[in-house]
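Engineer:
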Amino acid sequence: MKIYNTFTKTKEEFQPLNPPNVTMYMCGPTVYNYFHIGNARSFVMADIVRRYLEYKGFHVKFIMNITDVDDNIINKAFEEKKSTIDVADFYAEAFFEDVKKLRMKEANFYPKATLHISEMIGVIKRLEEKGFAYNVNGNVFYDVSKFSDYGKLSGKNTNDLESGARVDVNEEKKNPLDFTLWKKAKDGEPSWDSPWGKGRPGWHIECSAMSTKHLGKSIDIHAGGNDLIFPHHENEIAQSEACFEQKFVKYWMHFGFLNIQNEKMSKSLGNFFTAREVLDKYPAEAIRLFFAQTNYGGPLNFSDELLNSAQKGYEKILNLAEKIEREIKLNSRSAVIPEFDVKKYYSDFEKVMDDDFNSPQAVAVIFDFIRATNKIIAENDNIDSNFYHGLKQFLKKTAENVLGIIHLDGLSNELNPNIDNEQIELLIKKRDMAKKEKDFILADQIRTELINLGIILQDNKTGTTFKKINVK
Ligand code: AMP
Ligand code: ZN
Numbered sequence: 011m012k013i014y015n016t017f018t019k020t021k022e023e024f025q026p027l028n029p030p031n032v033t034m035y036m037c038g039p040t041v042y043n044y045f046h047i048g049n050a051r052s053f054v055m056a057d058i059v060r061r062y063l064e065y066k067g068f069h070v071k072f073i074m075n076i077t078d079v080d081d082n083i084i085n086k087a088f089e090e091k092k093s094t095i096d097v098a099d100f101y102a103e104a105f106f107e108d109v110k111k112l113r114m115k116e117a118n119f120y121p122k123a124t125l126h127i128s129e130m131i132g133v134i135k136r137l138e139e140k141g142f143a144y145n146v147n148g149n150v151f152y153d154v155s156k157f158s159d160y161g162k163l164s165g166k167n168t169n170d171l172e173s174g175a176r177v178d179v180n181e182e183k184k185n186p187l188d189f190t191l192w193k194k195a196k197d198g199e200p201s202w203d204s205p206w207g208k209g210r211p212g213w214h215i216e217c218s219a220m221s222t223k224h225l226g227k228s229i230d231i232h233a234g235g236n237d238l239i240f241p242h243h244e245n246e247i248a249q250s251e252a253c254f255e256q257k258f259v260k261y262w263m264h265f266g267f268l269n270i271q272n273e274k275m276s277k278s279l280g281n282f283f284t285a286r287e288v289l290d291k292y293p294a295e296a297i298r299l300f301f302a303q304t305n306y307g308g309p310l311n312f313s314d315e316l317l318n319s320a321q322k323g324y325e326k327i328l329n330l331a332e333k334i335e336r337e338i339k340l341n342s343r344s345a346v347i348p349e350f351d352v353k354k355y356y357s358d359f360e361k362v363m364d365d366d367f368n369s370p371q372a373v374a375v376i377f378d379f380i381r382a383t384n385k386i387i388a389e390n391d392n393i394d395s396n397f398y399h400g401l402k403q404f405l406k407k408t409a410e411n412v413l414g415i416i417h418l419d420g421l422s423n424e425l426n427p428n429i430d431n432e433q434i435e436l437l438i439k440k441r442d443m444a445k446k447e448k449d450f451i452l453a454d455q456i457r458t459e460l461i462n463l464g465i466i467l468q469d470n471k472t473g474t475t476f477k478k479i480n481v482k
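Converting from the sequence shown to this note's numbering requires adding 10 to each position, the first position being numbered 1.
#1: Say the cut is 7 Å; is the CB of D237 nearer than that to a heavy atom of ligand 1?
#2: Is the closest heavy atom of ligand 1 to the C-beta of G307 under 7 Å?
#3: Report yes if the CB atom of R61 is closer than 8 Å to the CB atom of V412, and no otherwise.
#4: Taking the alpha-carbon of S501 as reference, which of A453, D358, I393 and Y356 has the nearest alpha-carbon?
#5: Leaving out five residues on either side along the sequence, give the residues of the same chain with a beta carbon under 6 Å from the beta carbon of W202.
#6: Taking only the alpha-carbon atoms, compute the straight-line gap between V97 and K111 and give it to the nearest angstrom.
#7: Take the Cβ of I451 as the centre, count every other Cβ of all protein chains shown within 10 Å, and call the residue buried at 16 or more, exposed below.
#8: Per DSSP, E325 is paired with what?
#9: Since M55 contacts F359 with CB under 8 Å, what's their CB separation in whole angstroms?
#10: Just list the alpha helix (DSSP H) runs in the stretch 131-214, keeping only unbroken ones of 4 residues or longer that don't cross its boundaries, in chain order.
#11: Of all residues in the structure, which have a C-beta closer than 5 Å to any heavy atom of ligand 2, taken in chain order?
#12: Mind the definition here: the stretch 344-363 touches the stretch 373-383 only if three or more C-beta pairs lie below 8 Å; say whether that holds.
#13: Spatial neighbours of M74 within its chain, please: CB distance less than 6 Å, with the 5 preceding and 5 following residues excluded, ordered by chain position.
#14: Please work out which residues of its chain come closer than 8 Å, Cβ to Cβ, to V288, disregarding the five sequence neighbours upstream and downstream, and give them in chain order.
#15: For a test of your reading of the model: does the CB of M275 fall under 7 Å from any non-hydrogen atom of ligand 1? Yes or no.
#16: Rounding to the nearest angstrom, what Cα-Cα distance links G400 and F350 in this structure?
#17: In whole angstroms, what is the alpha-carbon distance linking L437 and A444?
#18: Could you give the residue range of the alpha helix (DSSP H) that holds G38?
#19: If we ignore side chains and look at the alpha-carbon of each, how far apart do N149 and F72 end up?
#20: Closer than 7 Å by C-beta to I215: which residues in its own chain qualify, once you throw out the five before and the five after it? Chain order, please.
#21: Would you call the CB atoms of I466 and F476 closer than 8 Å?
#22: Does DSSP put A82 in a helix, a strand or coil?
#23: Compare the Cα-Cα distances from R441 to each of L310, Q468, I429 and L421 and report the closest residue.
#24: Does the pairing of the stretch 254-261 with the stretch 225-241 give three or more beta-carbon distances under 8 Å?
#25: Shorter than 7 Å, the distance from the beta carbon of S313 to the closest heavy atom of ligand 1, or not?
#26: With H, G and I counted as helix, E and B as strand and the rest as coil, what does DSSP make of K477?
#27: Is G280 near ligand 4, in the sense that its beta carbon is under 7 Å from a heavy atom of that ligand?
#28: Is it buried or exposed for E251, if we count other Cβ within 10 angstroms and need 16 for buried?
#29: With N305 and F267 assumed to form a contact (beta carbons below 8 Å), what rounded beta-carbon distance in angstroms separates them?
#30: If T40 sits next to I83, beta carbons under 8 Å apart, how far is it from one beta carbon to the other, in whole angstroms?
#31: Using the C-alpha atoms, what's the distance from A143 back to N169?
#32: Where does M11 fall in DSSP's three states?
#33: Could you spell out where the beta strand (DSSP E) holding L299 opens and where it closes?
#34: Taking the beta strand (DSSP E) that M263 falls in, what are its first and last residues?
#35: At what residue ranges does the stretch 322-394 contain a whole run of the alpha helix (DSSP H), taking only runs of 4 or more?
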């Protein structure tokens, strides 16, 4: 199995440090807002990687941190006249709700920065003792000139980095690339006692301290969006390797940006849609399919057109899945079991996923499978339900458990007893009227209302059709 390593810039054979265990750390959200659909792309792709490793039989320990103390949170608390704890707790809860809605498998642990201050102080103290950190009036900085390998992840030398990077200018620093390990407290800001006086940790030290605490000094995979390669991950290496004197991470994995009109979607640019807004318009499975259809490392443009087309793809999977469920319920015991080599599809799926998690090719295998099985179903009458059990198992193991682009559980149950087709048709008419009257807010509200009831709408040239999906 191959994995692309940002550190070596090559695809390498995946050999975890301590098989069958795999340790994986993903840089999580800073909780001062709902996370956007760009963040969601990185989260979902990390989830797919983790799920595929589990499919392969690895025991994955997956950790995602929560940054709950930082300038943005402090500013937000000030704007909203709330405490930083209230702001961070509120958006951390929203984060948990949204990742659940995105059908991400729960991490083994979501460490919060504010609950690991003593570990961070421990790492900074050790760095200071070893001569890698210096204290100026209660602000502690990392001395980049002392770490000879600085720049080895981003592949740049310190001169290039100094001229090209947006690094904070701060007259207390010896070198512009030096970064903050401990920030002296200002009035009204959250702070903790430390050997350097009251203050709070810098951002980079969080991940070094928390990944070591929960996964050990050397870990297998450390992941995050491309924007984190420099300075965040470069600085994590400098901190951890100077402190613990061993290789920090075996495989560095980075996710491409989700762009909007060819510009990175970001909170600071304001060009974002929150994941929950998008989840109000599209089922999680369609959103995941949209992500999975592009290689994790490259850029991906966000548009309603692309999401609508992902939704159509999702409906193809859903159609087959529903057919399978109905047939399994009928439990026909005829002798007709058509020839179908399902093993080939497992092996195709594994072949492409083994090649650095090539999810677009994996999606293509699923659609080949759907085409082939639909053809068989059309050409044969009265098929034995054992055939359908085999199909279901394939979809369950690949499309559901790895990619998360279908959710089979409960598909065969009465989908929504509280709403009948007539009521749905009525709401569709109401939505059409609203659209004609250019009341797009009402039209969207109706669509969202239906999605929450497990009904997805499909606008065609001839009108609107609907489909019932399973909602938990
Ligand atoms: P943040 O809350 O900004 O620290 O970001 C949380 C995670 O989302 C990090 O792993 C980022 O690298 C990632 N991320 C941020 N913006 C994007 C984007 N537009 N596309 C993909 N990933 C992103
Ligand atoms: Zn991090």
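Don't be surprised by glycine CBs; every beta carbon is placed ideally from N, CA and C.
Because the structure is a prediction, the values reported are computed rather than measured.
Structural biologist: Inspection of the coordinates gives the following:
#1: Relative to ligand 1, D237 has its C-beta within less than 7 Å of a heavy atom.
#2: No - ligand 1 has no heavy atom lying nearer than 7 Å to the Cβ of G307.
#3: Cβ atoms of R61 and V412: closer than 8 Å.
#4: The requested residue 501 is not part of the displayed model; the chain covers only 11 to 482.
#5: Setting aside the 5 residues that flank it on each side, W202 is surrounded in the same chain by I127, each with a C-beta closer than 6 Å to its C-beta; the list follows chain order.
#6: As the crow flies, the alpha-carbon of V97 is around 21 Å from that of K111.
#7: I451 comes out exposed.
#8: For E325, which the question treats as bridged, DSSP gives no partner whatsoever.
#9: With 8 Å as the limit, M55 and F359 do not qualify as a contact, their Cβ atoms being about 17 Å apart.
#10: Uninterrupted alpha helix (DSSP H) stretches at least 4 residues long and entirely within the stretch 131-214 occur at 168-174, given in chain order.
#11: My final list is C37 and C217.
#12: The stretch 344-363 vs the stretch 373-383: in contact.
#13: Closer than 6 Å at Cβ, skipping near neighbours: M36, G38, A117 and Y120.
#14: Residues of the same chain with a CB within less than 8 Å of the CB of V288, apart from the 5 flanking positions on each side, are I47, A50, I297 and L317 in chain order.
#15: Within the cutoff, so yes.
#16: Distance between G400 and F350, taken at the CA atoms: about 10 Å.
#17: About 10 Å.
#18: Per DSSP, G38 belongs to no alpha helix (DSSP H) and is neither H nor E.
#19: Roughly 33 Å separates the two Cα atoms.
#20: The beta carbon of I215 sits closer than 7 Å to those of M130, V133, I134, L191 and Q249, all from its chain and outside the five residues before and after it, given in chain order.
#21: Taking 8 Å as the cut-off, the beta carbon of I466 is found closer than this to the beta carbon of F476.
#22: Reading off the sequence, residue 82 comes out as Asn, not Ala. In the structure shown, N82 sits in a helix (DSSP, three-state: H, G or I).
#23: The shortest Cα separation from R441 among L310, Q468, I429 and L421 belongs to Q468.
#24: In this structure the stretch 254-261 lies against the stretch 225-241, because at least three pairs of beta carbons, one per stretch, are closer than 8 Å.
#25: False, no ligand heavy atom lies under 7 Å from that Cβ.
#26: Three-state DSSP puts K477 in a strand.
#27: In terms of ligand content, the structure shown lacks ligand 4 and carries ligand 1 and ligand 2 instead.
#28: E251 should be labelled buried.
#29: With a Cβ gap of about 13 Å, N305 and F267 do not count as contacting.
#30: Right, their Cβ atoms sit about 7 Å apart.
#31: Each residue's alpha carbon lies about 20 Å from the other.
#32: Here M11 carries a coil assignment [DSSP, helix/strand/coil].
#33: That residue, L299, is in no beta strand (DSSP E); its alpha helix (DSSP H) goes A294 to A302.
#34: Bounds of the beta strand (DSSP E) holding M263 are V259 to F265.
#35: Qualifying alpha helix (DSSP H) stretches, in chain order: 352-364 and 369-389.
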